[in-house]
Amino acid sequence: MPRDMSPDEFREHAHKAVDQIADYLRDIRQYPVVPKVEPGDLTADLPASGPEHGESMDAIFADFERHILPAVTHWNHPRFHAYFANSASAPGILAEMWMAALNINGMLWKSSPAATELEQVTLDWFRQWLGLPEKQFGIIYDTASISTMHAIAAARERADPSSRTEGSTPNLVMYCSEHAHSSNEKGAIGIGIGQNNVRKVPMDLEFRMRADVLRNMVEQDVAARKKPFCVVSAIGTTATSACDPTAEIAQIAQEYGMWLHVDAAYAGPAAICDEFRPLFDGWELADSIVINPHKWFATPVDLSVFYTRHPDILRRAYSLIPDYLVTAEDSKVVNYMDYGVQLGRRFRSLKLWFIMRYFGREALAAMIREHCQWARELGDRALLDGRFDIGAPIPFSLVCLRLKGPDEKTFALIDRVNKSGTAFVSPTALNGKTYFRIAIGDIKTTRDDVDATWNAVTEAATALL
Ligand SMILES: Cc1ncc(COP(=O)(O)O)c(C=O)c1O
15 MPRDMSPDEF REHAHKAVDQ IADYLRDIRQ YPVVPKVEPG DLTADLPASG PEHGESMDAI
75 FADFERHILP AVTHWNHPRF HAYFANSASA PGILAEMWMA ALNINGMLWK SSPAATELEQ
135 VTLDWFRQWL GLPEKQFGII YDTASISTMH AIAAARERAD PSSRTEGSTP NLVMYCSEHA
195 HSSNEKGAIG IGIGQNNVRK VPMDLEFRMR ADVLRNMVEQ DVAARKKPFC VVSAIGTTAT
255 SACDPTAEIA QIAQEYGMWL HVDAAYAGPA AICDEFRPLF DGWELADSIV INPHKWFATP
315 VDLSVFYTRH PDILRRAYSL IPDYLVTAED SKVVNYMDYG VQLGRRFRSL KLWFIMRYFG
375 REALAAMIRE HCQWARELGD RALLDGRFDI GAPIPFSLVC LRLKGPDEKT FALIDRVNKS
435 GTAFVSPTAL NGKTYFRIAI GDIKTTRDDV DATWNAVTEA ATALL
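As structure tokens, then:
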């Protein structure tokens, strides 16, 4: 029989781990953001089979430092600017420790009242900070991709309740912009709508969905006896952080009886700042909204918040209660297992609660403002420098740049910056040309970090041109 560590052994090793983590966070800038490894390097360093007999924590920690850390891409590095930068803040890390220790499965209220009720309370606090109207049901899923899949499932349930029992209706069609995140298509694939039934609506010159074209496409589909059932409006697209005209899209959705899902996975937290609210105009009319605190809200991966005004429909889409999960409290409580495909659920609200309490709204809003300010400044520097093109407006904290000239130069710049270890930037394609994205989103990022990133970019440009 295996014997778990005694509390005293755990204390000893936990203190060591916390010391290591504190050192890691203190020294994070000494690590190259992107590891200097080749595919297969780590695999080759590790034994081909697991140990027959247990090993000491000292040996495990030592191998973690020797083999694993050098192959880590440091998402928690303040100069990680690829994809959408995020951060695991210290209160979030502490909450993760408690989450692991409690090991709660929050499938039912009964399976842990704290998990259910804290999720309800924190999501209502968060809703208030975001300025969303009162009538919202909140639930935490792991990722925005899963949140969006549930939005599509609820939309389908509303459009065709028989699909739950009979399978998908063949003529359902949904819409999103050409720059909408791939999770929309994946969600449609996942619940059987089919990739070909996801229409990509063209965008205007600033990469926002064209609502007039959406209307035409919907009308054409209706004329062809298709059934438009869902439209996704992005507030903060992945490529450029553009904001679709959600209020106009909401109007069209209402006219044609489509479910409106808002993908604010990245930019959502900016709604806690009054000055960004106009970009969110119309999201209060959405049938569902996704926002990822694990992107721009100092929250360790994973935590995706989903709001809907129609919990009854979401519940109808997925609720299935086997006898062994019936409880005496069912009529009085929310059992979150009824609102999604998964049964087991982590106690994720604990980290949101720690984070919201530790920082407070004002400090988190200040972080978002600062990130946006630095991104705009990067845009100004690029213009002044003269060697770069700016790909898109900068509504939030993402800048898209390219070196003037052929695409190869920009690819080479991305490679050079990333290999330097100073920063991590990622590519995107706009109007057939390659750009690099600098996303600012880590609570630890300072203006000095942004300067260091910019220096790495300009040094690479000088070497290449
Ligand atoms: C706009 C947008 N939506 C959805 C997603 C998917 O997020 P997740 O990784 O939480 O599934 C992303 C990821 O970057 C995104 O940028």
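Each residue of the sequence shown is one higher than the last, beginning at 15 in this note's numbering.
Ideal Cβ positions, reconstructed from N, Cα and C, are used throughout, including at glycine.
Best match in F221, M111 and A437 for proximity to D462 [C-alpha to C-alpha]:
Here residue 462 refers to the residue found at position 448 of the sequence shown. When only C-alpha atoms are compared, the closest one is A437.
Which residues does DSSP pair with I303 in a beta bridge?
Position 289 of the sequence shown, counted from the first residue, corresponds to residue 303. V276 and Y321, per the DSSP bridge assignment.
Cut-off 8 Å between Cβ atoms - residues of its own chain near R291, not counting five sequence neighbours on either side:
The count along the sequence shown starts at 1 and reaches residue 291 at position 277. G145 and A285.
Using only alpha-carbon positions, find the residue among V276, F221 and A264 that is nearest to I166.
What you label residue 166 is simply residue 152 of the sequence shown in a count that begins at 1. Considering only alpha carbons, the answer is V276.
By DSSP's criteria, A453 is part of a beta bridge. Which residues make up the other side?
Within the sequence shown, numbered from 1, the residue matching residue 453 stands at position 439. A453 is bridged to L412.
If we ignore side chains and look at the alpha-carbon of each, how far apart do P314 and E79 end up?
For the purposes of this step, residue 314 is taken as the residue at position 300 of the sequence shown. For the purposes of this step, residue 79 is taken as the residue at position 65 of the sequence shown. About 21 Å.
Three or more beta-carbon pairs under 8 Å between the segment 168 to 183 and the segment 261 to 281, yes or no?
Enough Cβ pairs lie closer than 8 Å, so yes.
Contact between the segment 178 to 197 and the segment 211 to 223 is defined here as three or more beta-carbon pairs at a separation below 8 Å; is this criterion met?
Flag = yes, the segment 178 to 197 and the segment 211 to 223 touch.
Does ligand 1 have even one heavy atom less than 7 Å from the beta-carbon of A285?
Counting from 1 along the sequence shown, the entry for residue 285 is found at position 271. Distance from the C-beta of A285 to the nearest heavy atom of ligand 1 is not below 7 Å.
Closer than 7 Å: T252 CB and nearest ligand 1 heavy atom:
Position 238 of the sequence shown holds residue 252. The nearest non-hydrogen atom of ligand 1 is less than 7 Å from the C-beta of T252.
Start and end of the beta strand (DSSP E) containing P46?
Residue 46 sits at position 32 when you count from the first residue of the sequence shown. Where P46 is concerned, there is no enclosing beta strand (DSSP E), given that its DSSP letter is neither H nor E.
If I follow the unbroken alpha helix (DSSP H) through M188, where does it start and stop?
One-based indexing of the sequence shown puts residue 188 at position 174. Here M188 belongs to no alpha helix (DSSP H); instead the beta strand (DSSP E) covers L186 to S191.
Return the CA-CA distance between D394 and S411, expressed in angstroms with no decimal places.
Taking the first residue of the sequence shown as 1, we reach residue 394 at position 380. Taking the first residue of the sequence shown as 1, we reach residue 411 at position 397. Approximately 13 Å, taken between the alpha carbons.
For W123, I'd like the list of residues in its chain whose CB is within less than 7 Å of its CB, leaving aside the five on either flank, ordered along the chain.
Counting from 1 along the sequence shown, the entry for residue 123 is found at position 109. Excluding sequence neighbours, W123 sits near T130, E343, V347, V348 and N349.
Measure the alpha-carbon distance for R40 versus E298 and round it to whole angstroms.
Sequence index remark: in the sequence shown, residue 40 carries index 26 (1-based). Sequence index remark: in the sequence shown, residue 298 carries index 284 (1-based). Taking C-alpha positions only, R40 is separated from E298 by approximately 41 Å.
Which residues in the same chain have their Cβ closer than 6 Å to the Cβ of A453, if we skip the five residues on either side of it in sequence?
On the sequence shown, residue 453 is found 439 positions in, with the first residue counted as 1. Within the same chain, A453 has close Cβ partners H95, F98, A99 and L412.
Residue range of the beta strand (DSSP E) that P242 falls in?
Along the sequence shown, read from residue 1 onward, the residue named residue 242 stands at position 228. Residues K241 to A248.
Between the Cα of R178 and those of T467, I82 and L334, spot the shortest distance and give me the residue it belongs to.
In the sequence shown, the residue the question calls residue 178 occupies position 164. The shortest C-alpha separation from R178 is found at L334.
Should Y38 be counted as a contact of ligand 1 given a C-beta to heavy atom distance under 7 Å?
On the sequence shown, position 24 is the one that residue 38 refers to. Answer for Y38: no, Cβ out of range of ligand 1.
Which one or two residues does DSSP pair with V215 in a beta bridge?
Taking the sequence shown and counting its residues from 1, one reaches residue 215 at position 201. S191, per the DSSP bridge assignment.
Please report the straight-line C-alpha distance between H81 and D18, rounded to a whole angstrom.
What you label residue 81 is simply residue 67 of the sequence shown in a count that begins at 1. What you label residue 18 is simply residue 4 of the sequence shown in a count that begins at 1. In this structure, the alpha-carbon of H81 lies about 25 Å from that of D18.
Counting along the chain, where does the alpha helix (DSSP H) carrying Y372 start and finish?
Along the sequence shown, one-based indexing puts residue 372 at 358. Residues S363 to D399.
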